[in-house]
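Trainee: Take the sequence shown: its position 87, counted from the start at 1, is 87 in the numbering used here, and no numbers get skipped.
Shown below is the structure under consideration.
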Amino acid sequence: MPDIGLLVDGEYDKAALGVLDRRLSDGPRVRVRTVSRGSLHKAIRILRVEQQNVNSFLWITDAEQEDPNRRRREMERRVEEASLGIPVECVVAVPMLEAWLLADPNALRSVVGISKREARIEQPERLPGPKDRLERLFSQTNQNYTPEAARRIATELCIEAVSAQCPSFRQLQKAVGQIAR
Numbered sequence: 001m002p003d004i005g006l007l008v009d010g011e012y013d014k015a016a017l018g019v020l021d022r023r024l025s026d027g028p029r030v031r032v033r034t035v036s037r038g039s040l041h042k043a044i045r046i047l048r049v050e051q052q053n054v055n056s057f058l059w060i061t062d063a064e065q066e067d068p069n070r071r072r073r074e075m076e077r078r079v080e081e082a083s084l085g086i087p088v089e090c091v092v093a094v095p096m097l098e099a100w101l102l103a104d105p106n107a108l109r110s111v112v113g114i115s116k117r118e119a120r121i122e123q124p125e126r127l128p129g130p131k132d133r134l135e136r137l138f139s140q141t142n143q144n145y146t147p148e149a150a151r152r153i154a155t156e157l158c159i160e161a162v163s164a165q166c167p168s169f170r171q172l173q174k175a176v177g178q179i180a181r
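Shown next as structure tokens:
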């Protein structure tokens, strides 16, 4: 049985967060499920079914335009109402997971093949469209930003660099620590 279940927004998040979760928690087996962002009812249904297959769950979603604290509180309220039999930690990426992928210039240089100057992005959580920025960076080298590209960046990321740049990533680290106990 996998140790940790991940419930994420889509294929890009699935690819990157499967890698990041393993890296943050010293490699437990991970079972990843996707749900449409904003579909809280469907997310709870997935958590109910999957709780039989894992020891704990991380539910990670993008804030997009929403207030991340309000979004997280709503997720936590739904989890509490569901009375699940396993621990569930809720994390909201600000504004979306791609901000985390932009936080380490060395990973971007390695995977995308762009210059040091182009790869240096200050405060990626303040960008209005981190995914758009990644797509533009990849297009500069005649590549596409794909789920596989997200996975490759996540593999190369310096965890300390992302943590230093992205407060919401620190919430992920804290949640993984809670579940890994």
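Note that CB positions come from ideal geometry on N, CA and C, so glycine has one too.
For T61, list the residues DSSP reports as bridge partners.
Mentor: In the sequence shown, residue 61 corresponds to position 61, counting from 1. According to DSSP, T61 bridges with V92.
Trainee: The alpha helix (DSSP H) with L127 in it runs from where to where?
Mentor: Taking the sequence shown and counting its residues from 1, the one referred to as residue 127 is at position 127. Premise fails: L127 is in no alpha helix (DSSP H) and is neither H nor E.
Trainee: So, A43 versus A150, is the Cβ gap smaller than 9 Å?
Mentor: As a first step, residue 43 must be located in the sequence shown, where it is residue number 43. As a first step, residue 150 must be located in the sequence shown, where it is residue number 150. No. Outside cutoff.
Trainee: Measuring CB to CB, does F138 end up less than 9 Å from V112?
Mentor: The count along the sequence shown starts at 1 and reaches residue 138 at position 138. The count along the sequence shown starts at 1 and reaches residue 112 at position 112. It is a contact, given that the beta carbons lie within the stated cut-off.
Trainee: Ignore the nearest five residues each way along the sequence and tell me which others in R152's own chain have a CB closer than 8 Å to its CB.
Mentor: Translated into positions along the sequence shown, residue 152 becomes position 152. These residues qualify, in order along the chain: V111.
Trainee: Within 10 Å of its beta-carbon, does G5 have 16 or more other beta-carbons around it, so buried, or fewer, so exposed?
Mentor: Within the sequence shown, the letter at position 5 stands for residue 5. Per the 10 Å Cβ criterion, buried.
Trainee: For M39, count the other beta carbons within 10 Å of its own beta carbon; 16 or more makes it buried, fewer makes it exposed. Which is it?
Mentor: In the sequence shown, counting from the first residue as 1, residue 39 sits at position 39. Inspection of the sequence shows that residue 39 is occupied by Ser rather than by Met. By the 10 Å Cβ count, S39 comes out exposed.
Trainee: Starting from V8, follow its DSSP beta bridges and name the residues at the other end.
Mentor: Residue numbering aside, residue 8 sits at position 8 when the sequence shown is read from its first letter. Answer is T34, bridged to V8.
Trainee: In three-state terms, what does DSSP make of S83?
Mentor: Stepping through the sequence shown from its first residue, residue 83 is reached at position 83. Here S83 sits in coil by DSSP.
Trainee: For I46, which residues from the same chain have a beta carbon less than 7 Å from its beta carbon, with the 5 sequence-adjacent residues on both sides left out?
Mentor: Start at 1 with the first residue of the sequence shown, and residue 46 comes out as number 46. Closer than 7 Å at the Cβ level, and outside the excluded window around I46, lie L7, R33, V35.
Trainee: I need the boundaries of the alpha helix (DSSP H) containing T155, first residue and last residue.
Mentor: Reading the sequence shown from its first residue, position 155 is the one you call residue 155. Segment 147-156, the alpha helix (DSSP H) holding T155.
Trainee: Along the chain, where does the alpha helix (DSSP H) containing P167 start, and where does it finish?
Mentor: Translated into positions along the sequence shown, residue 167 becomes position 167. It spans 167-180 - the alpha helix (DSSP H) in which P167 sits, taken as one unbroken run.
Trainee: Comparing alpha-carbon positions, which option in K131, A180, E89, I159 lies nearest P95?
Mentor: In the sequence shown, counting from the first residue as 1, residue 95 sits at position 95. Cα-wise, what sits closest to P95 is K131.
Trainee: Roughly how many whole angstroms lie between the Cα atoms of A49 and F57?
Mentor: Walking along the sequence shown from the start, residue 49 turns up at place 49. Walking along the sequence shown from the start, residue 57 turns up at place 57. Note on identity: in this sequence residue 49 is Val, with Ala being the wrong assignment. Answer to the nearest angstrom: the Cα atoms are 12 Å apart.
Trainee: According to DSSP, S56 sits in a beta bridge with which residue or residues?
Mentor: The residue given as residue 56 occupies position 56 in the sequence shown. Note: S56 sits in a beta bridge opposite I4.
Trainee: In whole angstroms, what separates the C-alpha of Q173 from that of L24?
Mentor: The residue labelled residue 173 in the question sits at position 173 within the sequence shown. The residue labelled residue 24 in the question sits at position 24 within the sequence shown. About 7 Å.
Trainee: Could you give the distance in angstroms between the alpha-carbon of I114 and the alpha-carbon of Q140?
Mentor: By 1-based counting over the sequence shown, the position of residue 114 is 114. By 1-based counting over the sequence shown, the position of residue 140 is 140. Rounded to the nearest angstrom, the two C-alpha atoms are 8 Å apart.
Trainee: Exposed or buried, which one is M1 when buried takes at least 16 other CB atoms within 10 Å?
Mentor: Position 1 of the sequence shown, counted from the start, is the residue given in the question as residue 1. Low confidence applies here, because M1 scores a pLDDT of 49, under 50, leaving its location unreliable; read the following figure in that light. M1 should be labelled exposed.
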